[in-house]
Amino acid sequence: MLNELEIWPGKPYPLGATWDGEGVNFTLYSESADAVELCFYSAENPNQETQRIRLTERTHQIWHTYLPGIRPGQLYAYRVYGPYEPHAGHRFNANKLLIDPYAKAVAGTIDWDDSMFGYEIGHPAADLSFSENDSDPFLPKCVVIDSEFDWKDDRKPQTPLHRTVIYEMHVKGFTQRHPAVPEELRGTLKALTCEPVIDYLKQLGVTAVELMPIHQFVDDRHLVDMGLRNYWGYNTIGFFAPDARYSSSGVRGEQVREFKEMVYAFHQAGIEVILDVVYNHTAEGSHLGPTLCFRGIDNAAYYRLVQDDPRYYMDYTGTGNTLNMMQPNVLQLIMDSLRYWITEMHVDGFRFDLAAALARELHEVDRLGAFFDIIHQDPIISQVKLIAEPWDLGEGGYQVGRFPPGWTEWNGRYRDVVRDYWRGADSTLAEFAYCFTGSSDLYESEGRRPTASINFITAHDGFTLNDLVSYNEKHNEGNFDPGGGEDHNRSWNCGAEGPTDDPLVNQLRAKQKRNFMTTLLLSQGVPMLLAGDEMGRSQQGNNNTYCQDNELSWVDWQIVDEKLLDFTRRLIQFRKDHPVFRQRGWFQGMSIRGSAVHDIGWFTPAGEQMSDEDWSAGFAKSLGVFLNGTALRFPNAQGERIKDDTFYVIFNGHHEALSFTLPPEDWSASWEKVLDTSTGLLVEKATPFKPTKPLAVDARSIVVLRHAT
């Protein structure tokens, strides 16, 4: 028991549990609750309640109290009283212990039991029934934390978007099998700070890691019952808490310190940290889901309910529920969370899962929704990298190219078009050219730049690069849900399904991987690589490993395609060395400000400039792109006019080798071959040659020529 505990009124802000050095201020928002109780637990026995306090102070729908003497490490949770009227949208049930939405740490994970549900499992009336079973022993408790941390000389890298190379990784999967990481640290935040891990990323050349969800999340009960896990983590229950599973040192606040140490280590290496965040829904699911937090605190306030029947939820996410972005206090929750991760945890940006769901004011997707208005005017959030996954699963949810200025987007069309081009689909040449030059057809008219496009070939939710060129069919037999992903029957397997000993097939696959990597890293926009693609990682054809927390998903550091890894490292450095491939603005075509200088030119294999008929020919799969490095229009940060080498990039997407006639000598009198994906050639200097005779280019390959002085 907490003897002779003083109870002061406290104050309504900030929300959550805030330690001031002498005590803790506790606050909880609930508009419709009749009463709120704060429950304390001992560190020795987290399931043993030591004291319960009823909050009597309420200001602007926020319940609050201040308790002198409470210190960091204290475990707590809430019980909230109110009507249980599902047909009216209310699901209060004080038999259910609840997580604080503002908890900065959660001491463990859920131990599934029927008592976690507000209704009686198996009852004929389903969720209209009422459960009196206490969920106390099965819910992890919240932790009061000490936010103090010595950031020393931490400075955010603030890498400009046009210099950014993003690396999407899973905290556990990246280090779980890393032989140079101590076994007790593998799979944790601490593992990412180990010197071999940091050195690998620095040598690869990426400038930012995009971490898949690290907010406290829930393993779905149906997955746990099958011996599986929600490995990806897109099932958030705590928007302020680093997930306890990723801590190597403890779960009583140690996970917070460990996260900060990881960010500091990355910043010291010049690498930014971007978080994949899931603010569109929570882990409580549909009307048949558990009562863990928001549902029991104020269901009608936190969730979008069906207007004519608030027993049910609007589901734009495919998970059973959608957070109510029309509710000011829900908006405040998300904004407070974002500011917390920026100011307290020093992160450099966010990738918003199913971001179109955040824009829904009513039923339609509104690109000027309150969420985007608030972020645009916020002096803290608006200054970090903001990346949208520009779609959700609702009607009209595909919003690629329609997010406001200041936002970048996962360019799903880039992924689809580039894949189609290299697998030989018809009528893709013009679309491919748009993608290669930054997708101006999507972004230019809105006053945005090429850096609005986050370009990617693969991501966590689909085939790896190796599997993309190795399988025609997805192999998700080990999943509870075999569906999902965008990759069904869209790969090009070079004549065999899965692993093969045929050397010719393996050579073709290796070339195809180099084609994808080269296209990605030489395209205008911001490239994003999936962790392990640069070393040939395979998931054995599974394109939806969301529930596979095992060797299928973890990076295998013992099986590395060293040639592909070396090629990728040099390709990233090549991009960094040549600003013509990472421009801040759009190409202007045949003239610049009235001059006769070409900054870009498009040519047929015959060496003639592309006509409208050439672009519309469905069978056309090949072209040459002239990039004039002497005509770069945007100065650097010091205001100096940048110049670069001039390049001629040849794409041959045809299934046979072709001869390319190079542009006339007034475009360049001499060239040198610096890259050829058919051989893996990537050099800084080569033997110059004159464009007097056609150049042979292998089937399905890229050749890059540089103007030789």
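Mapping the sequence shown onto this note's numbering, position 362 (from 1) lands on 346, and the numbers just tick up by one.
Where a beta carbon is used, it is the ideal one built from N, C-alpha and C, also for glycine.
Just so you know, these numbers come straight off a predicted model, no measurement behind them.
Is the beta carbon of residue i less than 9 Å from the beta carbon of residue j?
i     : j     : result
H74   : Y65   : no
P483  : G569  : no
V190  : I255  : yes
I221  : V128  : no
L289  : Y300  : no
R279  : G102  : yes
L514  : L449  : yes
L22   : Y60   : yes
P(-2) : T11   : yes
E597  : R553  : no
T303  : H271  : no
L188  : Y151  : yes
E457  : G525  : yes
R399  : F440  : yes
G608  : F644  : yes
F500  : L666  : no
L549  : G520  : yes
H582  : W651  : yes
G0    : A87   : yes
I37   : P(-4) : no
Using the Cβ count rule (16 or more neighbours within 10 Å means buried), how would you classify residue i?
i    : result
R577 : Only weak support exists for where R577 lies, its pLDDT of 39 falling under 50; the value from the coordinates is given anyway. By the neighbour-count rule (16 or more Cβ atoms within 10 Å), R577 is not buried but exposed.
M210 : exposed
H71  : exposed
F587 : buried
N31  : exposed
H162 : buried
F336 : buried
D4   : exposed
Q508 : buried
S429 : exposed
T40  : exposed
T43  : exposed
I281 : buried
I176 : The displayed chain sequence assigns Leu, not Ile, to residue 176. Buried, since its Cβ has 16 or more Cβ neighbours within 10 Å.
N473 : Unreliable positioning characterises N473 in this predicted model, as indicated by a pLDDT of 39, which lies under 50. The coordinate reading is nonetheless provided below. Counting Cβ neighbours within 10 Å, N473 comes out exposed, since fewer than 16 surround it.
T159 : buried
F24  : buried
V600 : The question names Val, yet the displayed sequence has Ser at residue 600. With fewer than 16 other Cβ atoms within 10 Å, it is exposed.
According to DSSP, what are the bridge partners of residue i?
i     : result
R335  : D260, I371
I94   : I94 is not bridged to any residue.
I686  : F635
W(-8) : Y50
C23   : R36, A61
P680  : Per the sequence shown, the amino acid found at residue 680 is Ala instead of Pro. Per DSSP, S643.
Y68   : R75
S606  : N636
M153  : L195
L726  : Here the chain comprises residues numbered -15 to 693, so residue 726 is not present and cannot be evaluated.
P166  : In the DSSP output, where bridge partners are listed per residue, P166 has none listed.
S437  : E393
Y13   : I46
C126  : Y60, V90
V510  : I438
L413  : Looking at the DSSP assignment, L413 forms no beta bridge with any residue, so it has no partner.
Using a Cβ-Cβ cutoff of less than 8 Å, which residues in the same chain neighbour residue i once the five nearest sequence positions on both sides are dropped?
i    : result
S537 : H154, G157, Y215, Q523, T529
L611 : V564, F565, D583, I584, T630, F631, Y632, V633
A641 : A680, V681, D682, A683
Residues in its own chain within less than 7 Å of residue i by CB, not counting five upstream and five downstream?
i    : result
D425 : Y418
S579 : Here the model assigns S579 a pLDDT of 47, short of 50, so the residue's position is not dependable, and the following value carries that caveat. Same-chain partners within the cutoff: there are none.
V688 : F631, V633, V658, L659
E328 : S131
E168 : S232
A267 : F201, V202, N219, T220, I221, L276
F635 : S606, L607, I686
So, for residue i: in the same chain, excluding its five sequence neighbours on each side, which residues have a beta-carbon less than 6 Å away from its beta-carbon?
i    : result
L322 : I365
T503 : V402
S654 : P672, K674, A692
Y382 : W375
Q92  : Going by the sequence as given, residue 92 is Gly instead of Gln. So the list reads P124, A228, V235, once near-sequence residues are dropped.
Using 9 Å as the limit for Cβ to Cβ distance, is residue i near chain D?
i    : result
G378 : This model lacks chain D altogether; it includes just one protein chain.
Less than 8 Å between the CB of residue i and some heavy atom of the ligand ZN, yes or no?
i    : result
V262 : By its list of ligands, the structure shown contains no ligand whatsoever, and the ligand ZN lies outside what it can speak to.
Item to check | Whole beta strand (DSSP E) elements within the segment 245 to 317, 3-residue minimum | outcome: You should have 256 to 261.
Checklist entry - Could you give the uninterrupted runs of the beta strand (DSSP E) lying entirely in the segment 169 to 251, keeping only those of 3 residues or more? => result Counting whole runs of 3 or more residues, the segment 169 to 251 contains the beta strand (DSSP E) stretches 192 to 195, 199 to 201, 220 to 226.
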